[in-house]
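Asker: Shown below is the structure under consideration.
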Amino acid sequence: MLILQVLINGILIGGLYGCVAVGFSLVWGVSNIINLSHGIFIMLGAYITFWLFTLFHIDPFLTIPISATILFLVGYLVQKFLLNYVVGYTQQSGFGVFLSLILTFGLARVFENLMVGIWSGDWRSVTTTYSGLSLHLAGVSIPYIRIAVFGVALLSAGLLSIFLYRSRAGMAIRAITFNTVGAQIVGIELDRIYNITFALGAALAGIAGSLVSLIYSFSPFLSTPYLSWAFVIVVMGGLGSIYGAIAGGILLGIIESVASVYVGPGYQQAIGFIILVLLLVFRPQGLFGKKFLK
Amino acid sequence: MIERRKNILLFGILILVLILFPFLASNYWIRLFTGIFMYGTLAQATNILMGFSGLVPFGNVVFFGIGAYFTGIAMLSLGFPFFIALVLGASACFVFAFVVGHPVLKLKGHYFAIATMGISEAIKQIATNVKITRGGMGLNLPLVPLEVNTSYLFFYFLMFSAMILVTIAAFWISKNRIGYALRAIMSNEDGAKSIGINTLHYKVLAWAISAFFTGLAGGIFAYWYGYIDPPSVFDIGISVRFIIMILLGGAGTIVGPLLGASFIELLSETVWSQFLFIHLGVLGAIIVLVVIFMPKGFLWFYRQKFSLEALLENVRKGKL
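Heads up: the protein sequence lines correspond to chains A and B, in order. Residue numbering for the first sequence is 1 to 294, as defined by the working numbering. Residue numbering for the second sequence is 1001 to 1320, as defined by the working numbering.
Spelled out as structure tokens, the structure:
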């Protein structure tokens, strides 16, 4: 039954990985910004849940909309007042593309420092009364909380997809990805769409952060692993694809949990990165083909 | 011509000052400058690929780590003297970049940057787990058989020579076939291919040369600090730091990366000593401001004669 347990663990944690990557993938796919603050946004979401839970005793799952809203605002402001002043360079050759990447790196350090100031560098975790309970089924034990986290992760990806296909703003975002110039000709304002996209990406990071806080311990300095997961998954799933990100996340979850049992826990991450490099070289369009938000 | 002679003269004076400097300064300053030279070497080495071809090797720190570990292991397990171990370590980096470069340098832009980051992280994890590196416990290198003050001078001049060496290499490349080929790749890779430039060959060569010098700095660093472990020598933060130095100073120029390295190192030393708790945030904020106002670096600002108009013009240009 070990293999079944390992697979289920991998799938459930993979849903969370997918949620970590969705927002990152969206921003990169739409506005060509590699957001190195994504990891720190996730940590910020985790701390929002932590604060609401310890100070006001709000159930962690109910804090998810709050952290999503706060992060949406943060993301909107960051894009409007900082990133929009460099994205003009992304169309040029040379290093133009990398300016937004370096800017978000600097920004992440500012946020990191602010968070250390507010919450200190200590490790925190959110432990509810139902954290230890699990479902026992056919010799496999599954913590309820992981099932719930998996469900919320899929739900948020589903909601994003509905937004992109059913709302006017969502359709404008997709139009920009298909043809930037054409979309501007029909009256879509590029900077406003970029603001909304980045805000959405940040909101998804906030949701992922709240979910992370339920399963793992966290500290302001722990943003890098989440960022690297996001990179691996985006490359696996294809740039800007929502389902690709979720599928890639689940695949990475399975690979990591199988590797940690059968190869050794130390190699878990190494295998993820080796897959990343191999995929880039042999299948840069992602495992599931290029489907830009189609 | 006069301009050029003036520059050479200035450069000569600067080198002379830096040679005399350690005999007058305290050990604190010597150590600080050794660090500046180390980052100068790293930035210049990466500039050879990044500055001329526009490819940003985000994971170049992997060669710093390989150089450090190769030097350490060659000294400890194989008993080689330091200088031979150092050259072996740097050469290992050259070979590694040459082999890995053939598939990886076919990638463009972001994808190349991420692939190098993936390689760096994978090697870091492997170094944490295999026996020969003693894993996460780290490696203690043999002590320098010199008196304390002399060893400060030793590493000062060692790093200084590494920096001068890589600068000469970068200068030579910029005036050479490789430099012209790389610049052609930067402006239009397909165009370069169509006139018969073997683009992959030149990119791999430039990356391998840059890896050699990065490994050299890594090897010297290992002996200088005496202790290395995977999280410290494969830290992706080091890569980001020297890439920012290159952009700050001015990518593709010879003086720019060195200028950027001195600025960031001196700045972080000052910020660190003045505002201990917020130094990271202050550095981050400076990076954000520089990217917005001065995306082409200090040398550009100098050529614009420090005009504030030009800074605001940048903000307008970057805006959508």
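Ideal Cβ positions, reconstructed from N, Cα and C, are used throughout, including at glycine.
Since proline 1103 of chain B is in the alpha helix (DSSP H), which residue starts that stretch and which ends it?
Answerer: Segment 1082-1104, the alpha helix (DSSP H) holding proline 1103 of chain B.
Asker: Ignoring anything shorter than 3 residues or poking outside the stretch 256-285 of chain A, list the beta strand (DSSP E) runs there in chain order.
Answerer: The stretch 256-285 of chain A contains no whole beta strand (DSSP E) run of 3 or more residues.
Asker: Work out the CA separation of valine 1061 of chain B and isoleucine 1236 of chain B for me, nearest whole Å.
Answerer: Their backbone Cα atoms lie some 6 Å apart in a straight line.
Asker: Use the C-beta contact count for glycine 1067 of chain B: other C-beta atoms within 10 angstroms, 16 or more gives buried, fewer gives exposed.
Answerer: Glycine 1067 of chain B should be labelled buried.
Asker: Is it true that the stretch 184-197 of chain A meets the stretch 38-48 of chain A, where meeting means three or more beta-carbon pairs spaced less than 8 Å apart?
Answerer: Judged by Cβ distances under 8 Å, the stretch 184-197 of chain A makes no contact with the stretch 38-48 of chain A, as fewer than three pairs qualify.
Asker: For the putative contact between leucine 280 of chain A and isoleucine 1114 of chain B, defined by C-beta atoms under 8 Å, what is the C-beta separation to the nearest angstrom?
Answerer: So it is a contact: roughly 7 Å between Cβ atoms.
Asker: Does chain B have any CB closer than 8 Å to the CB of leucine 287 of chain A?
Answerer: It does not; no Cβ of chain B falls within 8 Å.
Asker: Are the stretch 239-256 of chain A and the stretch 15-26 of chain A touching by the rule of at least three beta carbon pairs closer than 8 Å?
Answerer: The answer is yes - the stretch 15-26 of chain A touches the stretch 239-256 of chain A, with three or more Cβ pairs under 8 Å.
Asker: Give the straight-line distance between the Cα atoms of leucine 135 of chain A and threonine 127 of chain A, rounded to the nearest whole angstrom.
Answerer: Going by the C-alpha atoms only, they are around 18 Å apart.
Asker: For phenylalanine 1306 of chain B, which of B:Met1294, B:Ala1085 and B:Ile1048 has the nearest alpha-carbon?
Answerer: The shortest C-alpha separation from phenylalanine 1306 of chain B is found at B:Met1294.
Asker: Just how far apart, CA to CA, sit serine 1151 of chain B and methionine 1137 of chain B?
Answerer: Serine 1151 of chain B and methionine 1137 of chain B: Cα-Cα distance of roughly 26 Å.
Asker: Going by the beta-carbon positions, is the gap between isoleucine 275 of chain A and glycine 14 of chain A smaller than 8 Å?
Answerer: The answer is no: Cβ separation not under 8 Å.
Asker: Which residues in chain B sit within 7 Å of arginine 109 of chain A, going by Cβ to Cβ distance?
Answerer: Simply Leu1280, Gly1281, Leu1283 and Gly1284.
Asker: Could you tell me how far apart the beta carbons of aspartate 191 of chain A and asparagine 84 of chain A are, in whole angstroms, since I believe they sit closer than 8 Å?
Answerer: Aspartate 191 of chain A to asparagine 84 of chain A, Cβ: 5 Å. Contact.
Asker: Could you give the distance in angstroms between the alpha-carbon of leucine 99 of chain A and the alpha-carbon of glycine 1109 of chain B?
Answerer: Their backbone Cα atoms lie some 13 Å apart in a straight line.
Asker: Would isoleucine 215 of chain A and valine 149 of chain A be called neighbours here (beta carbons separated by less than 8 Å)?
Answerer: Cβ distance < 8 Å, so isoleucine 215 of chain A and valine 149 of chain A count as in contact.
Asker: Does the stretch 1277-1290 of chain B touch the stretch 101-109 of chain A, meaning 3 or more C-beta pairs lie closer than 8 Å?
Answerer: Because the criterion of three Cβ pairs below 8 Å is met, the stretch 101-109 of chain A and the stretch 1277-1290 of chain B touch.
Asker: Quick check: what's the CA-CA separation for isoleucine 1238 of chain B versus phenylalanine 1052 of chain B?
Answerer: Cα-Cα distance, rounded: 21 Å.
Asker: So is threonine 1253 of chain B buried or exposed if we call it buried at 16+ other beta carbons inside 10 Å?
Answerer: Buried: at least 16 other Cβ atoms inside 10 Å.
Asker: Between A:Trp123, A:Asp122 and A:Ser131, which has its C-alpha nearest proline 60 of chain A's C-alpha?
Answerer: Checking every option, the nearest Cα to that of proline 60 of chain A belongs to A:Ser131.
Asker: Would you kindly report the start and end of the unbroken alpha helix (DSSP H) that includes leucine 135 of chain A?
Answerer: First-last for leucine 135 of chain A: 134-137, but that is the beta strand (DSSP E), not the alpha helix (DSSP H).
Asker: If the criterion is Cβ atoms closer than 8 Å, does the pair phenylalanine 1070 of chain B and glycine 1089 of chain B meet it?
Answerer: Yes, they are a contact pair.
Asker: Pick out whichever of B:Lys1203, B:Phe1083 and B:Asn1198 has its Cα sitting closest to the Cα of phenylalanine 1154 of chain B.
Answerer: The option with the nearest alpha carbon to phenylalanine 1154 of chain B is B:Phe1083.
Asker: Run through DSSP, which three-state label would isoleucine 1228 of chain B get?
Answerer: The answer is strand: DSSP assigns isoleucine 1228 of chain B an E or B state.
Asker: With DSSP run on the structure shown, which of helix, strand or coil describes proline 1145 of chain B?
Answerer: Proline 1145 of chain B falls in the coil class under three-state DSSP.
Asker: Short check: CB of glycine 302 of chain A to CB of glutamate 256 of chain A, under 8 Å?
Answerer: Lying outside 1 to 294, the shown extent of chain A, residue 302 of chain A is not represented and no answer is given.
Asker: To the nearest angstrom, how far is it from the Cα of valine 1291 of chain B to the Cα of leucine 1086 of chain B?
Answerer: For valine 1291 of chain B and leucine 1086 of chain B, the distance between alpha carbons rounds to 36 Å.
Asker: Is the beta carbon of phenylalanine 1213 of chain B closer than 8 Å to that of alanine 1169 of chain B?
Answerer: Cβ atoms of alanine 1169 of chain B and phenylalanine 1213 of chain B: closer than 8 Å.
Asker: Per DSSP, what are the beta-bridge partners of asparagine 179 of chain A in this structure?
Answerer: In the DSSP output, where bridge partners are listed per residue, asparagine 179 of chain A has none listed.
Asker: Can you find a CB in chain A that lies within less than 8 Å of the CB of histidine 1110 of chain B?
Answerer: Yes, contact with chain A.
Asker: Short of 8 Å in beta carbon distance, which residues of its chain neighbour isoleucine 1073 of chain B, apart from the five on each side in sequence? Order them along the chain.
Answerer: Result list for isoleucine 1073 of chain B: Ile1132, Thr1133 and Leu1139, in chain order.
Asker: In three-state DSSP terms, what is proline 225 of chain A?
Answerer: Here proline 225 of chain A sits in helix by DSSP.
Asker: In chain order, what residues of the same chain lie with their CB nearer than 6 Å to the CB of alanine 199 of chain A, ignoring the 5 residues before and after it?
Answerer: Hits under 6 Å: Phe72, Gly75 and Tyr76.
Asker: Mind checking who phenylalanine 41 of chain A pairs with in its DSSP beta bridge?
Answerer: Partner(s): none; phenylalanine 41 of chain A has no beta bridge.
Asker: When you compare only the Cα positions, how much space is there between glycine 249 of chain A and threonine 54 of chain A?
Answerer: In a straight line, the C-alpha of glycine 249 of chain A is about 30 Å away from that of threonine 54 of chain A.
Asker: Using 8 Å as the threshold, is the C-beta distance between leucine 44 of chain A and glycine 201 of chain A below it?
Answerer: Cβ atoms of leucine 44 of chain A and glycine 201 of chain A: not closer than 8 Å.
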